[in-house]
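Residue numbers for the sequence shown follow numbering that gives the first Met the number 0, so the first one is 0 and each next one is one higher. Ideal Cβ placement from N, Cα and C applies to all residues, glycine included. Report on the following structure.
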Amino acid sequence: MVKGQIAARNHAKFYLEDGDVILQPYKDQIGGITLFCVHKGVLSFNSPVLRELFAKPPPGPKQPANNDAAIEKPLYHMKDSAQDLSEFLRAVYEPGTLLLPESAPDTPLRLAPIMKLAVKYQVASIQASVTDIMSRAWPQSLSEWLDARAQRKLLEQKYTDAMNTADNYTGMLDGKHLADRLPEPAAALRFAHDCGLHGVLPAAYYALASVPAAKDWDELQRASPDSFDDIHLRAARWSLLRPDEWRRLVRGREHLGRSVALTLEAYGRTDEFEERLGDCCRGEASALATRLRGGVLRNGAFDALLPDPIELTQQLFEAVPSWGLCTSCTDTLQGDLRFAQECLWLEIPRAFTLGQSDAVPETGEGISVAL
Ligand SMILES: [Zn+2]
0 MVKGQIAARN HAKFYLEDGD VILQPYKDQI GGITLFCVHK GVLSFNSPVL
50 RELFAKPPPG PKQPANNDAA IEKPLYHMKD SAQDLSEFLR AVYEPGTLLL
100 PESAPDTPLR LAPIMKLAVK YQVASIQASV TDIMSRAWPQ SLSEWLDARA
150 QRKLLEQKYT DAMNTADNYT GMLDGKHLAD RLPEPAAALR FAHDCGLHGV
200 LPAAYYALAS VPAAKDWDEL QRASPDSFDD IHLRAARWSL LRPDEWRRLV
250 RGREHLGRSV ALTLEAYGRT DEFEERLGDC CRGEASALAT RLRGGVLRNG
300 AFDALLPDPI ELTQQLFEAV PSWGLCTSCT DTLQGDLRFA QECLWLEIPR
350 AFTLGQSDAV PETGEGISVA L
């Protein structure tokens, strides 16, 4: 070894004896070098970018700095970290490891480094798998949002049942809190911005708008294992948000708050009902508005601070059949509410100013193979 040269070590898993190309990532944090020995053919098959790279003679010396005189394989310097490269190679060689549960709160954090390299090296199969996982966790339409809500309600019911029946309920079912089974919006947002998966953003921002700023995911995890006992508790990894994302969130939250306030106003007013109901049920308008103000609309001020107007309209939608109206008027009011939900869903990108001077995905930097 040349004096002053940093010692290199072989990666524990991806220094494959029969590999025919050495990848040397960027120096890791402690200044060491980890070498990967992989198959040119496998990577070339999956990645047109790496295929092009390997078609050229390696720019550096053949000999990696690991004292192994027997090795005479081409060596390529990569700008990626050893950690990211390791995760990426795992996804290439063992695609099954990508099958993470879409609803787990850590999934976006684990998929982000893989997706960044999959985009950079144009590995279509990995991009498709990761996009699929993230898209399943974050609804892309109102009907998907309603499906996800229904599943969440079922899950909440299981925990509520356990709380009411188990003698020593610990807040967990099969070793997991409810929060461990639901996607966490700030991690999803970070993933979507960094990896350019913008389809995830509306649902992630929308979900964040109704999470109290005081409920920080990491603080709750550190506090005690029982912090997540409250099954309705929503928390987010607030520290992942950048200043422009906070601005979007505050604007969107105000926008949704106005929607909640307008809905509460409309459904608490006699004249609004008189306008919507037919002659058959118009006589019920006053009693109905009074009843709603004392019932489903009662928590209005709080709802507007942490707004979830689609949830509010869904609760109204589900309550309409119990309002004692004729079938025709019931249909009319439910139709109004469904239409309002569609409008609310379509408004989300504008409410959070998405798509306006949106950050360019960091993956647009091109091939970063250093000489
Ligand atoms: Zn009627």
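Contact test: residue i Cβ vs ligand 2 heavy atom, cutoff 7 angstroms
i: Cys-328; result: Ligands in the displayed structure: ligand 1; ligand 2 is not one of them.
Residues that DSSP places opposite residue i in a beta bridge
i: Ile-32; result: Ala-7
i: Ala-206; result: Ala-206 is not bridged to any residue.
i: Leu-305; result: For Leu-305, which the question treats as bridged, DSSP gives no partner whatsoever.
i: Tyr-14; result: Cys-36
i: Asp-215; result: Ala-235
First and last residue of the uninterrupted beta strand (DSSP E) at residue i
i: Leu-240; result: Run containing Leu-240: none; DSSP gives neither H nor E here.
i: Gln-23; result: 20-25
i: Lys-78; result: 74-80
Contact under 8 angstroms by Cβ, residue i with residue j
i: Leu-304; j: Tyr-266; result: no
i: Trp-216; j: Arg-189; result: no
i: Val-48; j: Val-20; result: no
i: Ala-7; j: Ile-32; result: yes
i: Ile-132; j: Glu-101; result: yes
i: Met-77; j: Leu-22; result: yes
i: Leu-371; j: Glu-341; result: Examination of residue 371 is not possible in this model, given that the chain is present from 0 through 370 alone.
Extent of the continuous alpha helix (DSSP H) run through residue i
i: Phe-316; result: 308-318
i: Glu-341; result: 326-350
i: Asn-163; result: 141-164
i: Met-171; result: From DSSP, Met-171 is part of no alpha helix (DSSP H); its letter is neither H nor E.
i: Val-118; result: 106-119
i: Asp-131; result: 123-136
i: His-192; result: 184-194
i: Leu-52; result: 47-54
> For the 8 angstroms Cβ check, are there 3 or more pairs between the region 269-288 and the region 232-250?
Replying inline: Cβ pair count under 8 angstroms is below three, so no.
> Counting pairs of beta carbons, one from the region 118-128 and one from the region 298-316, are three or more of them closer than 8 angstroms?
Replying inline: Segments in contact, no.
>> Quick test of the definition: if touching needs 3 or more C-beta pairs under 8 angstroms, does the region 85-97 touch the region 5-15?
In response: Between the region 85-97 and the region 5-15, the count of Cβ pairs shorter than 8 angstroms is three or higher; the stretches touch.
> Is there contact between the region 294-303 and the region 185-201, where contact requires at least three CB pairs shorter than 8 angstroms?
Replying inline: Not touching, per the Cβ criterion.
>> Check whether the region 101-110 and the region 169-189 are in contact - that is, three or more C-beta pairs closer than 8 angstroms.
In response: Touching, yes.
> At a cut of 8 angstroms, does the region 255-275 reach the region 155-171 through at least three beta carbon pairs?
Replying inline: The region 255-275 makes no contact with the region 155-171: fewer than 3 CB pairs, one atom from each, lie closer than 8 angstroms.
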